[in-house]
Each structure stands twice: as C-alpha cells, then as structure tokens.
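Novice:
Number of protein chains: 2
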Amino acid sequence: MSHMTLPQTDLDDAILDLIVTYHDLNPLGVDELTEEPSPLDFMRYVARNRPFVVRGAANEWKARRRWNAEYLTGVMRSQPVNVAITPHGNADSVVEDSQRSLHFVKPYDTTEPFDSVLRDIQAQEADTLPSGPIKYAQTQNDNLRNEYSPLFADVPASIPFARIALQHAPEAINFWLGNSHSVTALHKDNYENIYVQVLGRKHFVLLPPVEAACVNERMLPSATYAHVRRREQGEGRGDGGDAGDGEVVIPKGDGEEEEQLEMRPDDPAQEVPFATWDPDEPEKRPTQFSRLSRPARVTLEEGDMLYLPALW
Amino acid sequence: MSHMTLPQTDLDDAILDLIVTYHDLNPLGVDELTEEPSPLDFMRYVARNRPFVVRGAANEWKARRRWNAEYLTGVMRSQPVNVAITPHGNADSVVEDSQRSLHFVKPYDTTEPFDSVLRDIQAQEADTLPSGPIKYAQTQNDNLRNEYSPLFADVPASIPFARIALQHAPEAINFWLGNSHSVTALHKDNYENIYVQVLGRKHFVLLPPVEAACVNERMLPSATYAHVRRREQGEGRGDGGDAGDGEVVIPKGDGEEEEQLEMRPDDPAQEVPFATWDPDEPEKRPTQFSRLSRPARVTLEEGDMLYLPALW
C-alpha cells in the first residue's frame with residue numbers, strides 16, 4: 001500500500017485492502033448464463049454472494065408471449081393500483097435542496113385506475129423531457145399475488161432452482177411497471193432477489209457489499225413528496241419554503257389551477273441511513289474509497305433473468 | 001446498547017453489534033447430522049459458513065475397521081515420518097517467557113521412524129504428567145498421499161458431497177497421530193476442512209470468524225523449539241538465557257547427558273499475527289469483546305466427521 005497516500009489509519013488501510021483484495025479475487029462483471037442453473041449451481045452463487053444473469057430464461061413464460069399494453073389493460077381494466085409519483089422519476093432518492101442540504105425523499109404514493117396509470121406511463125415514455133411528474137408502479141408488497149393477481153397465472157409460481165436451493169417459496173412476487181424515466185437510487189436489500197425482465201429493458205449498476213465504504217452512507221432527514229394544488233399566485237401552499245429541486249409545477253391544461261409535488265419533511269422527523277454517492281456521478285460526494293469501486297453494469301433485455309444477491 | 005459501558009467509539013459499537021446480532025441469528029452449537037448431507041445441503045452450510053458434525057459418518061471406512069497400533073506398525077514399519085515435538089504438547093502455541101513477553105513458538109520438527117513415533121505416543125498417553133516432550137505427527141502437506149501413502153487405500157479418495165459441491169478434489173489429505181496431551185492453539189485456516197476421527201477422541205472449541213475481535217490477535221515474535229544436548233552443569237548450551245516455560249529437560253536414562261527443547265527466536269527475526277486469547281482461559285489477555293464470545297464445543301468420537309468451515 002506504499003503508493004496510497006489517502007488512508008490515515010489502520011482501519012482505512014484494512015478497508016482499502018479488503019476492497020482491492022475482493023476485486024483481485026472476483027471477476028469484475030456479472031456472470032452470463034445461457035440456461036437456468038441447477039439448485040446446487042445456484043447455491044454456489046449464493047455462497048459466494050455473486051450475481052448472474054440468465055439470458056432468455058423467461059422466454060417460454062406466458063407473460064412473455066401475452067403481455068403488452070392491450071392485454072394488460074384488458075385484464076386489469078380500471079382496477080385501482082398503487083403508483084409512486086415523483087418529479088423526475090427518481091423513487092426513494094437523495095435530493096439536494098436549495099440550501100444544499102440532502103434529503104431522502106420518498107415518492108408520493110397514491111392509488112389510480114390501472115388503465116390510466118398505464119396510459120400515463122406510455123405517454124410520458126414518448127417525451128424526452130416529460131412535462132409532468134413520473135409514474136412508476138413499483139410496490140414491493142407481493143403485489144403480483146394481490147392487486148395484480150389477475151396476471152399471476154402468466155408467470156411461474158416460483159423459480160424452481162431458487163425455491164429448491166433456498167428451501168423457501170418466494171416471500172414476495174412483485175410486478176413493476178415503469179418507463180425509461182424511472183431511476184431507482186443506489187440502495188441495498190436484505191433479500192435474495194430474482195429479477196425478470198418481461199417487457200422493455202432495464203440497466204442495472206451493481207456494487208458488491210464490500211464496497212459499502214465507497215457509497216458514503218449518511219443519515220438523511222426523510223421527506224415525502226406531497227401532492228398539492230394551488231392557484232397561480234401561490235395561495236394555499238402547504239408549509240411554504242423553497243422546495244428547490246423537490247418542486248414540480250404541473251400546468252393543468254390552460255386552467256388557472258396547478259398540480260404540484262412538494263417535498264415535505266416527514267412528521268415526526270426521522271433520519272434514515274442512505275448512500276449519497278452515485279457511481280454514475282462519481283465526482284459528487286465521494287469518500288476516499290469511492291475510486292476503488294468497480295460497478296458491474298448489466299442490461300436486461302426481454303426474457304432475461306438476474307440473480308441479485310442480498311446486499312448488492 | 002445503552003447498558004454497555006465499555007465501547008468507546010462507533011467502531012467498537014459496530015463490532016459489538018455485529019457479534020451480538022450474529023449470535024441472535026445463529027444457533028449456539030454445532031448442528032448434529034446422522035448421515036452425510038447431499039452436495040446441496042452441504043453447500044447451504046458453506047453458504048452460511050456454519051459447521052456441522054455427522055455422527056458415525058466414517059463407520060464403514062476400512063480405516064475404522066483396520067486401524068490400530070499393530071496394523072499401523074505393520075504397514076508403516078520404520079518408514080521415516082515427520083514428527084512435531086514440543087515440551088507439553090502445544091504445537092504452534094503462544095508461550096509467555098520469564099519476562100512475561102509472548103512468543104509464537106513452533107514445534108521442533110524432525111523425522112523419526114514411524115514405529116518408534118507410535119510407541120512414544122502410546123507410552124506418553126499412559127503418563128498423566130509425561131516426563132519427556134510430546135510427539136505429534138501432524139503435518140499438513142497432504143501426507144496421506146505421501147509419507148503415509150500405504151494407508152491411503154483405507155480411506156475414500158475424497159468426500160463425495162464436498163467434492164461435488166465445491167467442484168474440487170481435496171487439496172490436501174492429512175493423517176494425524178497424537179495423544180491426549182496434544183493441544184492445538186486457537187487458530188484459523190483459509191480452507192474448508194472435513195475432519196474425520198478414526199481412532200480416539202478429539203475436543204474442538206470453535207469460534208465463528210465474526211468473533212475475530214474477541215481473540216486479541218497480536219503480532220508476536222516467532223520462535224522454534226530447538227533440540228539441544230548438554231551436560232548436567234549446563235555446559236555447551238545454545239544461546240543461553242532463561243528459557244522459562246519454553247525449556248524442558250529430558251533425563252536420558254541415568255546418563256550424564258540430557259536432551260532439551262529450547263525456544264529460539266527465528267533468524268531472521270519475524271513477527272506473525274496470532275490469537276493470544278484462549279476461550280479455555282478467558283480471564284487471560286481478553287479484549288473488551290472476549291466476553292461476547294460463545295465458543296461452540298464439540299467432541300468427536302470414533303467415526304465422527306466434522307465440517308470445519310474456512311476461518312473458524
């Protein structure tokens with residue numbers, strides 16, 4: 001480590017050594033498989049806590065053949081579904097206010113008829129710079145066996161290699177519907193996750209848990225976007241103040257009333273630990289270890305399956 | 001953690017939390033199985049880095065039926081074998097000298113005819129307080145496929161569940177021969193290990209890797225026992241000085257010459273990291289975390305098999 005000048009302490013040295021050694025001993029990318037692993041093969045990935053992608057694993061699923069906007073609308077119709085609404089598509093994200101303070105901001109969560117959510121998501125997809133807030137149906141409450149249960153028959157009830165290896169049926173099966181404006185902030189989950197791309201495409205940027213020291217986790221005051229209406233001149237606003245980046249004004253046709261998403265501190269106030277470094281903007285808020293990060297990037301195409309290990 | 005007074009820093013708090021949480025989430029002892037696990041079952045233990053014992057797993061091995069002192073002597077005869085010799089049976093141990101300095105001391109390693117090694121080990125077993133140094137055949141250089149190769153046919157060439165799960169034949173297969181005076185100091189290995197008790201009995205005291213902060217690892221000057229002969233009056237001694245606990249005088253019949261094991265610093269001097277806390281003497285050299293240690297104790301009887309995960 002004699003070439004390193006930044007580490008100041010034994011602990012820093014140890015962290016540096018851990019990250020560098022991890023990358024010396026592990027491949028940099030995500031393993032690419034052409035067929036589903038056996039339960040034993042899968043368990044080897046779980047043991048090493050390493051992700052893999054299976055190209056085309058879901059090609060034979062009914063969902064792959066059936067799902068499109070028309071089919072989904074025909075099945076779900078105007079059933080109410082949860083939808084997360086954010087100014088720019090960033091759900092659960094770190095937002096810097098005009099005083100340059102950081103906040104952890106959750107979407108405005110509401111319930112809308114499925115057909116109108118799908119229509120909005122499609123319409124916004126066409127806009128390069130959408131004028132209104134971004135909608136993303138992304139609850140993680142086992143929604144495919146609940147509010148989207150009419151669609152559940154189109155997917156397998158479990159992923160056999162994972163169920164057998166982990167000796168557990170899936171705790172939650174979630175259906176997500178978004179568009180290319182939806183971005184999920186860098187985060188980690190305590191679950192083993194199998195993600196399947198049925199339609200469209202998703203870009204993942206994955207960091208191994210050993211890079212925890214790279215992501216500059218901080219305690220941030222939590223806030224939630226609130227949906228407020230106001231007159232042009234700003235009458236009737238909520239708690240006031242300049243919401244900075246957290247404010248979006250939505251012209252409603254040519255009427256004088258507007259819809260607006262406003263960032264509001266949670267009440268009672270609370271702080272949550274959250275990563276403030278983003279590998280896609282590495283110069284912002286780095287730690288001394290961020291430059292050691294080796295993000296694994298993988299794009300899922302239709303039919304692809306990703307094993308996302310716990311804590312990645 | 002408000003009941004804790006010892007932790008001084010965030011790091012101490014985090015270490016304490018890690019150890020306590022680990023024990024909250026894991027059983028305290030070693031899982032007991034009655035038959036060998038499948039490769040998939042085994043991989044689940046590897047993934048969780050948890051030990052298990054399979055009672056009687058080796059009962060059908062030829063070694064279990066054949067091996068005894070007479071058979072081993074008949075096969076191995078006077079073939080030269082490596083033997084580790086220490087004053088009290090502690091191989092690779094931490095020794096406090098008369099100035100209360102700690103040393104990491106390696107055995108005197110030599111080569112002797114197998115039949116005489118076995119005879120000495122048996123004879124010392126009969127003594128409650130053996131007068132001479134303790135012998136232990138315990139090399140880890142794949143000796144069962146080398147110096148003890150005549151015995152290799154009596155054991156399986158590999159443990160199938162482990163070979164299949166890990167996709168690797170054993171890197172080393174070792175035969176150890178000792179008696180009840182042999183004690184191995186607390187240490188860890190970077191290998192997945194399957195230990196089988198063919199004859200006799202062995203007591204294991206196992207700590208999970210998360211308890212690293214409990215064992216008070218320090219850099220210790222390394223030394224090796226050297227075998228010297230001297231006259232009664234101490235003429236012809238090596239580097240002199242009081243070797244304290246590291247010196248044992250062996251009366252050789254009623255002759256005037258004696259054999260002696262003397263602790264000698266390695267040349268060139270070097271330091272090695274080694275645990276200085278012993279869960280069997282918990283009041284000696286503890287860290288603030290040692291009291292959180294929950295050693296798993298397991299005794300292997302003849303025919304039992306232990307999976308000793310890497311770093312335990």
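Keeping their order, the protein sequence lines are chains A and B.
Sequential numbering from 1 applies to the first sequence in full-length UniProt numbering.
Sequential numbering from 1 applies to the second sequence in full-length UniProt numbering.
For each residue, glycine too, the CB sits at the ideal point set by N, CA and C.
Remember, it's a predicted structure, so these values are computed and weren't measured experimentally.
Tell me, to the nearest whole angstrom, how far the beta carbon of B/V228 is from that of B/E262; I am working on the premise that it is less than 8 Å.
Specialist: On the second sequence, position 228 is the one that residue 228 of chain B refers to. On the second sequence, position 262 is the one that residue 262 of chain B refers to. Confirmed, about 5 Å.
Novice: So what does DSSP say about A/H213, is it helix, strand or coil?
Specialist: Within the first sequence, numbered from 1, the residue matching residue 213 of chain A stands at position 213. The sequence shown places Ala at residue 213 of chain A, rather than the His named in the question. In this structure, A/A213 counts as helix in the three-state DSSP scheme.
Novice: Look at the alpha carbon of B/V83 and the alpha carbon of A/E32, and state the distance between them as a whole number of angstroms.
Specialist: The sequence position of residue 83 of chain B within the second sequence is 83, counting from 1. The sequence position of residue 32 of chain A within the first sequence is 32, counting from 1. Approximately 49 Å, taken between the alpha carbons.
Novice: Looking at the structure shown, is A/K106 part of a helix, part of a strand, or coil, going by DSSP?
Specialist: In the first sequence, counting from the first residue as 1, residue 106 of chain A sits at position 106. In this structure, A/K106 counts as strand in the three-state DSSP scheme.
Novice: Going by DSSP, what residues sit across from B/H203 in a beta bridge?
Specialist: Mapped onto the second sequence, residue 203 of chain B falls at position 203. In the DSSP output, where bridge partners are listed per residue, B/H203 has B/T299.
Novice: Between which two residues does the alpha helix (DSSP H) containing B/K62 stretch?
Specialist: Start at 1 with the first residue of the second sequence, and residue 62 of chain B comes out as number 62. Start and end: K62 to R66.
Novice: Keeping to the same chain, check which residues put their C-beta closer than 6 Å to that of A/D23; ignore five residues upstream and five downstream.
Specialist: Indexing the first sequence from 1 puts residue 23 of chain A at position 23. The sequence given here places His at residue 23 of chain A; Asp does not occur at that position. Here the set comprises R294.
Novice: Of the choices B/T73, B/V105, B/G89 and B/D304, whose alpha-carbon is the least far from that of B/Q270?
Specialist: Counting from 1 along the second sequence, the entry for residue 270 of chain B is found at position 270. Closest option to B/Q270, Cα to Cα, is B/V105.
Novice: Within the chosen definition, does the region 11 to 30 of chain B reach the region 292 to 310 of chain B through at least 3 CB pairs nearer than 8 Å?
Specialist: These segments touch.
Novice: Can you check whether the CB of B/V155 is closer than 9 Å to the CB of B/W61?
Specialist: The sequence position of residue 61 of chain B within the second sequence is 61, counting from 1. The sequence position of residue 155 of chain B within the second sequence is 155, counting from 1. In contact: B/W61 and B/V155 (Cβ atoms closer than 9 Å).
Novice: What number of angstroms, rounded off, separates the C-alpha of A/V94 from the C-alpha of A/V205?
Specialist: The sequence position of residue 94 of chain A within the first sequence is 94, counting from 1. The sequence position of residue 205 of chain A within the first sequence is 205, counting from 1. Whole-angstrom Cα-Cα distance: 17 Å.
Novice: For the alpha helix (DSSP H) that contains A/I164, what are its first and last residues?
Specialist: Mapped onto the first sequence, residue 164 of chain A falls at position 164. Residues P160 to L166.
Novice: Assign B/D120 to buried or exposed, taking buried as 16 or more other Cβ atoms, counted over all protein chains shown, within 10 Å of its Cβ.
Specialist: Taking the second sequence and counting its residues from 1, the one referred to as residue 120 of chain B is at position 120. Burial call: buried.
Novice: Exposed or buried, A/M219, counting other C-beta atoms within 10 Å across all chains shown (16 or more means buried)?
Specialist: As a position in the first sequence, residue 219 of chain A is number 219, starting the count at 1. Counting Cβ neighbours within 10 Å, A/M219 comes out exposed, since fewer than 16 surround it.
Novice: Using three-state DSSP, classify residue 316 of chain B as helix, strand or coil.
Specialist: With chain B covering 1 to 312 only, the question about residue 316 of chain B has no answer from this structure.
Novice: Below 8 Å CB to CB, which residues in the same chain sit around A/N68 once its five sequence neighbours on both sides are set aside?
Specialist: As a position in the first sequence, residue 68 of chain A is number 68, starting the count at 1. Same-chain partners within the cutoff: L199.
Novice: Does DSSP put A/F274 in a helix, in a strand, or in coil?
Specialist: For the purposes of this step, residue 274 of chain A is taken as the residue at position 274 of the first sequence. Strand at A/F274.
Novice: What is the residue span of the beta strand (DSSP E) that B/E96 lies within?
Specialist: Stepping through the second sequence from its first residue, residue 96 of chain B is reached at position 96. Counting along the chain, the beta strand (DSSP E) containing B/E96 begins and ends at S93 to E96.
Novice: By DSSP, does B/E125 sit in helix, in strand, or in coil?
Specialist: To locate residue 125 of chain B, count along the second sequence from 1; it is residue 125. Helix, per DSSP.
Novice: Buried or exposed for B/E147, please, with buried defined as at least 16 other CB atoms from any protein chain shown within 10 angstroms of its CB.
Specialist: Taking the second sequence and counting its residues from 1, the one referred to as residue 147 of chain B is at position 147. Per the 10 Å Cβ criterion, buried.
Novice: Run through DSSP, which three-state label would A/R218 get?
Specialist: Numbered from 1 along the first sequence, position 218 holds the residue referred to as residue 218 of chain A. Strand.
Novice: Within the continuous beta strand (DSSP E) that includes B/T139, where are the two ends?
Specialist: As a first step, residue 139 of chain B must be located in the second sequence, where it is residue number 139. That residue, B/T139, is in no beta strand (DSSP E); it is neither H nor E in DSSP.
Novice: Residues of chain A with a CB under 9 Å from the CB of B/V46: which are they?
Specialist: For the purposes of this step, residue 46 of chain B is taken as the residue at position 46 of the second sequence. Simply M43, R44 and A47.
Novice: Pick out whichever of B/D10, B/T9 and B/I15 has its Cα sitting closest to the Cα of B/R291.
Specialist: Walking along the second sequence from the start, residue 291 of chain B turns up at place 291. Nearest option by C-alpha distance: B/I15.
Novice: Out of curiosity, what's the CA-to-CA distance linking A/Q138 and A/Q197?
Specialist: Here residue 138 of chain A corresponds to residue number 138 of the first sequence, with the count starting at 1. Here residue 197 of chain A corresponds to residue number 197 of the first sequence, with the count starting at 1. Distance between the alpha carbons of A/Q138 and A/Q197 is about 14 Å.
Novice: Can a CB atom of chain A be found closer than 9 Å to the CB of B/Q167?
Specialist: Position 167 of the second sequence, counted from the first residue, corresponds to residue 167 of chain B. Taking Cβ atoms only, chain A reaches closer than 9 Å to B/Q167, which makes this a yes.
Novice: Which residues in the same chain as A/G240 place their Cβ atom closer than 8 Å to its Cβ, once the five residues preceding and following it in sequence are excluded?
Specialist: For the purposes of this step, residue 240 of chain A is identified with residue 240 of the first sequence, where counting begins at 1. Confidence in A/G240 is poor, its pLDDT being 41 and thus under 50, which makes the residue's placement unreliable; the coordinate value appears in the next sentence. Nothing listed; no residue qualifies.
Novice: My understanding is that B/Y136 touches B/S182, with C-beta atoms under 8 Å, so please give their C-beta distance in whole angstroms.
Specialist: Against the second sequence, residue 136 of chain B aligns to sequence position 136. Against the second sequence, residue 182 of chain B aligns to sequence position 182. Yes, B/Y136 and B/S182 are in contact; Cβ-Cβ is about 5 Å, under 8 Å.
Novice: Alpha carbons only, please: which of A/P107, A/R64, A/L118 and A/E211 is nearest the one belonging to A/I19?
Specialist: Within the first sequence, the letter at position 19 stands for residue 19 of chain A. When only C-alpha atoms are compared, the closest one is A/E211.
Novice: Between A/K202 and A/L300, how many whole angstroms is the CB-CB distance? I'm expecting something under 8 Å.
Specialist: One-based indexing of the first sequence puts residue 202 of chain A at position 202. One-based indexing of the first sequence puts residue 300 of chain A at position 300. Yes, they are in contact, since the Cβ atoms of A/K202 and A/L300 sit about 5 Å apart, within 8 Å.
Novice: Using a Cβ-Cβ cut-off of 9 Å, state whether A/L40 counts as contacting chain B.
Specialist: By one-based count along the first sequence, residue 40 of chain A stands at place 40. Interface residue, yes.
Novice: Chain A beta carbons: is any one of them nearer than 9 Å to that of B/L11?
Specialist: Translated into positions along the second sequence, residue 11 of chain B becomes position 11. Taking Cβ atoms only, chain A reaches closer than 9 Å to B/L11, which makes this a yes.
Novice: Thinking C-alpha only, which one of A/P107, A/T21 and A/A57 is nearest A/Q260?
Specialist: Start at 1 with the first residue of the first sequence, and residue 260 of chain A comes out as number 260. Nearest option by C-alpha distance: A/P107.
Novice: If the criterion is Cβ atoms closer than 9 Å, does the pair A/A185 and A/A47 meet it?
Specialist: On the first sequence, residue 185 of chain A is found 185 positions in, with the first residue counted as 1. On the first sequence, residue 47 of chain A is found 47 positions in, with the first residue counted as 1. Cβ atoms of A/A185 and A/A47: not closer than 9 Å.
Novice: Compare the C-beta of B/I164 against all C-beta atoms of chain A and say whether one is closer than 9 Å.
Specialist: Translated into the one-based positions of the second sequence, residue 164 of chain B becomes position 164. Closer than 9 Å: yes.
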